[in-house]
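Data block below; observations after.
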Amino acid sequence: MKGLTRNQIAWRAAQDVTDGSYVNLGIGMPTLIADYVNPEKEIIYHSENGLLGMGPAPSSQNEDPDLINAGKLYVTLKAGGAYFDTSTSFCMMRGGHLTSVFMGAFQVSESGYLANWSTDDGILIPSVGGSMDLAIGTKDVRILMNHVTNEGKARIVRECTYPLTAKSVVSRIYTDLAIIDVTERGLMVCEIVDGLDFDELQGLTDATLSLANNWSILKIPEI
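As numbered in our numbering, residues 132 to 354 make up the sequence shown, in order.
Put into structure tokens, the structure is as follows:
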């Protein structure tokens, strides 16, 4: 069994971005989503440092040091795009004006609790940024992450052991092994990578999983 690459996880998440939506892409793996969204869809991208209407990354000859996203990556601005101060940006985030946010996480609980800003280990410098504001203010919170840590520990857990970002906010989880929805009935597995069965997936997950009635094999192109 071979898990998905970062690009493949981003590709799968990109298929769920809805036409006409206002979307924030978190730092790291989520920024790759923009590369795989259907170009026929009209998506308005928001960056917490004060941008709305971001376009694709520029060529190396056209990089503008005054035009970067929250991850400090060069971006472009589409026609009709806007710059604004951070307070305005956070009002958009906290006020429920964004359709969805895709972000990374250290842990997600079976109740949709999110922990993504500190491992509380004294090694990594804690940095919450705008994650809390996005998590509580956005209508739809989706998480991209590896299913287990480098040490093989589960990231999808019964209860988060790391400092929380927000409670009961996560709606869907994309991992290198599966797509999992957070529902009132618990965690429902919608798609599993080829070569991995449900019992094996459960063995890599601390939280209790259930298999959705319409589950399918997770099919991803080679990227």
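The beta-carbon is built from N, C-alpha and C at its ideal position, and this holds for glycine as well.
Quick check on DSSP: helix, strand or coil for residue i?
i    : result
L182 : strand
D193 : Reading off the sequence shown, one finds Asn at residue 193, where the question assumed Asp. Helix at N193.
A141 : helix
D312 : strand
S242 : coil
F221 : helix
G299 : The amino acid at residue 299 is misidentified as Gly; the sequence shows Ser. Three-state result, S299: coil.
G212 : strand
M276 : coil
I164 : helix
L349 : strand
What whole-angstrom Cβ distance do residue i and residue j have, given they're in contact under 8 Å?
i    : j    : result
T339 : G317 : 6 Å
V239 : R289 : Wrong, their Cβ atoms sit about 11 Å apart, outside the cutoff.
V206 : L245 : Contact flag wrong, Cβ pair sits at about 26 Å.
G212 : L255 : Not confirmed; about 33 Å, so no contact.
S258 : N247 : Wrong, their Cβ atoms sit about 10 Å apart, outside the cutoff.
V232 : L204 : Actually they are not in contact, since the Cβ atoms of V232 and L204 sit about 17 Å apart, beyond 8 Å.
V148 : I164 : 7 Å
V320 : G134 : That pair is no contact at about 15 Å.
L335 : I310 : No, L335 and I310 are not in contact; Cβ-Cβ is about 15 Å, not under 8 Å.
Please confirm whether residue i and residue j have their CB atoms less than 8 Å apart.
i    : j    : result
E322 : S341 : no
T269 : M224 : yes
G235 : L275 : yes
Y153 : T230 : yes
N180 : A201 : yes
G326 : M132 : yes
T136 : I354 : yes
H278 : D307 : yes
S242 : D271 : no
G151 : E173 : yes
H86  : N155 : With the chain represented from 132 up to 354, any question about residue 86 goes unanswered, as that position is not in the structure.
Who pairs with residue i in a beta bridge, going by DSSP?
i    : result
M319 : D312 and S341
D264 : For D264, which the question treats as bridged, DSSP gives no partner whatsoever.
V259 : None; V259 has no bridge partner.
F233 : L156 and R273
T207 : G186
A285 : V279
Between residue i and chain D, is any beta-carbon pair separated by less than 8 Å?
i    : result
V324 : The structure shown has no chain D; it contains just one protein chain.
Determine, using beta-carbon pairs with one atom in the region 210-222 and one in the region 136-146, whether at least three such pairs fall under 8 Å.
no
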